[in-house]
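Heads up: the protein sequence lines correspond to chains A and B, in order.
Taking our numbering, the leading residue of the first sequence gets 23, the next gets one more, and so forth.
Taking our numbering, the leading residue of the second sequence gets 109, the next gets one more, and so forth.
Built from N, CA and C at the ideal position, the CB exists for glycine as well.
In what follows, a structure is listed as structure tokens, so that the remarks can point back to it.
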Amino acid sequence: MLEVRNLSARWDGFAIDDISFSVAAGDYFVLLGPSGGGKTLVLEILAGLHPATGGTVLLDGREITGSRIQDRDLALVYQDRALFPHLTVHKNIAYGLAAQGVTRSKRLDRAAELAGQVGVAELLHRRPGTLSGGEAQRVALARALAREPKLLLLDEPLSALDIRAREKLRALLRQLHRAGNTIIHVTHDFEEAVSLASHVAIMAEGRIIQMGTRDEVFVEPRSRFVARFTGVDNFIEGEVTEAHDSSATFVADKATFQLAGAGFVGRGYLLFRRRDLEVHRQAPSPSPANLFTGRVVDLAPTRSGLEVRLDAQGLTLVAHVPRRQVAALELELGMEVYAVLREGAGRVVKA
Amino acid sequence: MPATRTRGVGIRWDPMQLAFAVLGGLVLLFIVAPLAGLFFFGGEPANVVAAAGNAELRDSIWLTLWTSMLATALLALAAVPFAYLLARKDFWGKRLVMGLVDLPTVIPHSAAGIAVLTVIARSSPLGQAAAGIGLDFVGHPAGIMVAMSFVSIPFLINAARDGFAAVPERLEKAALTLGASPLRVFLTIAVPLAWRAILSGFVLMWARGMSEFGAVVIVAYHPMTTPVLIWEWFGAYGLSYARPAAALFVLVCLVLFILLRLLARERDDA
Numbered sequence: 023m024l025e026v027r028n029l030s031a032r033w034d035g036f037a038i039d040d041i042s043f044s045v046a047a048g049d050y051f052v053l054l055g056p057s058g059g060g061k062t063l064v065l066e067i068l069a070g071l072h073p074a075t076g077g078t079v080l081l082d083g084r085e086i087t088g089s090r091i092q093d094r095d096l097a098l099v100y101q102d103r104a105l106f107p108h109l110t111v112h113k114n115i116a117y118g119l120a121a122q123g124v125t126r127s128k129r130l131d132r133a134a135e136l137a138g139q140v141g142v143a144e145l146l147h148r149r150p151g152t153l154s155g156g157e158a159q160r161v162a163l164a165r166a167l168a169r170e171p172k173l174l175l176l177d178e179p180l181s182a183l184d185i186r187a188r189e190k191l192r193a194l195l196r197q198l199h200r201a202g203n204t205i206i207h208v209t210h211d212f213e214e215a216v217s218l219a220s221h222v223a224i225m226a227e228g229r230i231i232q233m234g235t236r237d238e239v240f241v242e243p244r245s246r247f248v249a250r251f252t253g254v255d256n257f258i259e260g261e262v263t264e265a266h267d268s269s270a271t272f273v274a275d276k277a278t279f280q281l282a283g284a285g286f287v288g289r290g291y292l293l294f295r296r297r298d299l300e301v302h303r304q305a306p307s308p309s310p311a312n313l314f315t316g317r318v319v320d321l322a323p324t325r326s327g328l329e330v331r332l333d334a335q336g337l338t339l340v341a342h343v344p345r346r347q348v349a350a351l352e353l354e355l356g357m358e359v360y361a362v363l364r365e366g367a368g369r370v371v372k373a
Numbered sequence: 109m110p111a112t113r114t115r116g117v118g119i120r121w122d123p124m125q126l127a128f129a130v131l132g133g134l135v136l137l138f139i140v141a142p143l144a145g146l147f148f149f150g151g152e153p154a155n156v157v158a159a160a161g162n163a164e165l166r167d168s169i170w171l172t173l174w175t176s177m178l179a180t181a182l183l184a185l186a187a188v189p190f191a192y193l194l195a196r197k198d199f200w201g202k203r204l205v206m207g208l209v210d211l212p213t214v215i216p217h218s219a220a221g222i223a224v225l226t227v228i229a230r231s232s233p234l235g236q237a238a239a240g241i242g243l244d245f246v247g248h249p250a251g252i253m254v255a256m257s258f259v260s261i262p263f264l265i266n267a268a269r270d271g272f273a274a275v276p277e278r279l280e281k282a283a284l285t286l287g288a289s290p291l292r293v294f295l296t297i298a299v300p301l302a303w304r305a306i307l308s309g310f311v312l313m314w315a316r317g318m319s320e321f322g323a324v325v326i327v328a329y330h331p332m333t334t335p336v337l338i339w340e341w342f343g344a345y346g347l348s349y350a351r352p353a354a355a356l357f358v359l360v361c362l363v364l365f366i367l368l369r370l371l372a373r374e375r376d377d378a
């Protein structure tokens with residue numbers, strides 16, 4: 023349905039470069055990435071608010087790269103909603119229908135129906151200024167849906183809401199998706215992406231780093247950014263130098279890891295959780311397979327113990343010390359310690 | 109009660125604010141005293157009522173009101189879209205254009221009158237063209253309107269431009285993404301949201317046009333607008349004769365402005 027090829031642009035300090043992706047009808051496509059990565063710029067280019075300096079955008083096979091905003095047949099919901107303050111909720115929702123020449127009574131009927139669908143039926147006569155964040159977002163959604171756009175573009179739709187409103191709105195977005203709407207949703211919130219997306223593209227510094235179905239991206243993260251979100255605290259770039267049926271060697275900088283398997287040889291990422299890295303004051307004996315020496319560079323208390331950041335053989339490793347061991351270890355910043363990767367822990371992902 | 113306490117802090121004046129308040133009082137006195145004098149000396153109700161009975165004065169007030177109002181309304185049709193353009197679009201020479209818009213406010217009004225007369229006089233191409241359709245600007249309400257507009261149009265353009273600039277452009281873009289044409293966005297988003305500023309500019313232009321003397325007296329001595337009539341009476345019959353007329357005119361202006369302000373407020377609250 024939507025085909026974006028080699029898009030690049032520069033705007034207001036943000037730049038995107040060589041962005042390509044496609045969205046099929048019925049997809050819920052989430053553009054996930056840290057703030058300042060250019061996600062919103064992509065959305066605004068799709069909507070026609072900013073010009074692209076290169077690349078093409080096709081909607082149902084028709085090129086819309088240079089089309090006028092009002093001719094694009096896709097609807098954008100702004101982060102701050104951008105409801106018209108001088109119009110009632112009812113007229114806000116009906117606004118796009120007036121532009122299509124729908125008669126007044128028909129468009130008000132349709133707007134009331136949409137208000138019912140998004141759960142703001144009782145607010146029709148209110149002004150936007152009197153709505154809560156969640157209510158305003160629902161109105162903005164209804165307003166965008168009124169024209170039955172081919173594609174719904176959502177810019178951080180949940181970020182300005184409190185937790186309860188956010189959960190309810192997520193349910194609404196899932197419902198809109200199930201009803202057949204094709205959605206592109208921009209967010210920096212990993213939870214949002216997990217709970218809503220069918221497809222995900224990870225964006226950082228103006229480029230797409232990884233893209234695929236939700237499971238592909240989150241099970242095999244190819245960036246520290248995604249890895250951290252999936253609960254993987256250690257994300258190490260390196261190379262699988264040897265791989266056999268039940269053993270593999272992974273080399274990163276000056277450190278070498280012995281793993282239970284890899285499935286490939288070549289560039290890749292080693293992933294493991296902080297719980298899989300033990301910290302010792304004395305070298306354990308017999309010496310385990312993956313033993314490293316490192317210096318403590320940060321200590322952060324957590325709910326279940328202590329997070330320890332180590333500078334180990336050129337790598338930054340994150341370990342976890344359970345509460346019952348914290349006192350015995352007496353860790354201090356700058357201390358030289360031993361770290362052991364638990365047997366069987368750690369998996370590698372091809373780069 | 110915390111609310112009252114906050115208010116209490118607000119009304120505590122420090123010495124500097126007190127000194128400035130005294131200065132402000134002097135400025136206010138400077139404005140109010142002459143007007144008050146107008147009503148106390150010769151502006152007694154009886155005199156004003158008597159003045160209102162004078163058909164020549166009544167006709168001139170009516171003429172002044174409708175010419176200034178019509179001039180404002182006609183010019184607004186072009187000035188408001190122009191103000192929108194100035195607020196939204198950056199183009200080469202924009203600063204020069206904005207300077208040109210302000211020009212009428214900085215030149216002496218008698219000179220403005222001469223300038224306007226040069227363009228619309230019977231001998232000028234425009235004057236001849238107008239004569240072709242049987243219209244003579246000089247000595248005609250049309251000439252009065254041109255003179256009034258020339259000196260007062262900057263007020264409307266500038267107020268409307270500031271009003272449009274204060275409308276978040278995001279709202280207009282949102283309207284565009286909902287499929288509205290730029291003209292529809294202008295009419296349904298920009299104008300309603302800038303309405304207060306436009307109306308305020310409208311009132312300013314109207315008031316400025318109504319009170320114009322210098323340019324009008326040069327372009328059209330007859331038919332007489334009230335400012336010209338007051339001047340004529342003052343010259344011919346003296347201060348005591350002109351004063352009730354002046355008082356009546358000021359009164360009419362005040363009532364109209366207060367009404368318009370109230371109207372604007374109501375519209376805003378709705």
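Query                                                                                                                           : Result
Residue 357(A) in three-state terms, based on DSSP                                                                              : coil
Neighbourhood of residue 351(A) by C-beta distance below 7 Å, restricted to the same chain and skipping five residues each side : 301, 303 and 343
Residue(s) in a DSSP beta bridge with residue 230(A)                                                                            : 225(A)
Contact between the segment 314-325 of chain A and the segment 126-134 of chain B (3+ Cβ pairs under 8 Å)                       : no
Own chain partners of residue 110(A) with C-beta closer than 8 Å, once the 5 adjacent residues on each side are dropped         : 146, 147, 148 and 149
C-beta atoms of residue 169(A) and residue 118(A) nearer than 7 Å                                                               : yes
Proximity test, Cβ basis, 7 Å: residue 169(A) and chain B                                                                       : yes
Residue 231(B) burial status per 10 Å Cβ neighbour count (16 or more: buried)                                                   : exposed
Where residue 280(A) sits in the DSSP three-state scheme                                                                        : strand
Interface flag, residue 281(B) vs chain C, CB-CB below 7 Å                                                                      : Of the protein chains in the structure, A and B, none is chain C.
Nearest neighbour of residue 123(A), chosen from 275(B), 317(B), 364(B) and 287(B) [CA to CA]                                   : 287(B)
Segment limits, alpha helix (DSSP H) that includes residue 237(A)                                                               : 236-241
Assigned exposure category for residue 170(B) - 16 Cβ within 10 Å defines buried                                                : exposed
Test: residue 288(B) CB closer than 7 Å to a CB of chain A                                                                      : yes
Neighbour-count burial assignment, residue 268(B), 16 or more Cβ in a 10 Å radius                                               : buried
As assigned by DSSP and simplified to three states, the class of residue 369(A)                                                 : strand
CB-CB length for residue 418(A) against residue 230(A), believed under 8 Å                                                      : As displayed, chain A neither begins before 23 nor continues past 373, which places residue 418(A) out of reach and without an answer.
Per-residue DSSP class, three states only, for residue 123(A)                                                                   : coil
Short Cβ contact (7 Å threshold) for residue 287(A) with residue 265(A)                                                         : yes
Burial state of residue 96(A), where buried means 16 or more other Cβ atoms lie within 10 Å                                     : buried
Where residue 284(B) meets chain A, residues with beta-carbon distance less than 7 Å                                            : 91 and 92
Any C-beta of chain B under 7 Å from that of residue 108(A)                                                                     : yes
Reduced DSSP secondary structure (H/G/I, E/B, other) of residue 149(B)                                                          : coil
Reference residue 251(B), options 332(B), 282(B) and 364(B), closest by Cα                                                      : 332(B)
Chain A contact residues for residue 306(B), given Cβ-Cβ distances below 7 Å                                                    : Simply none; closest approach about 13 Å.
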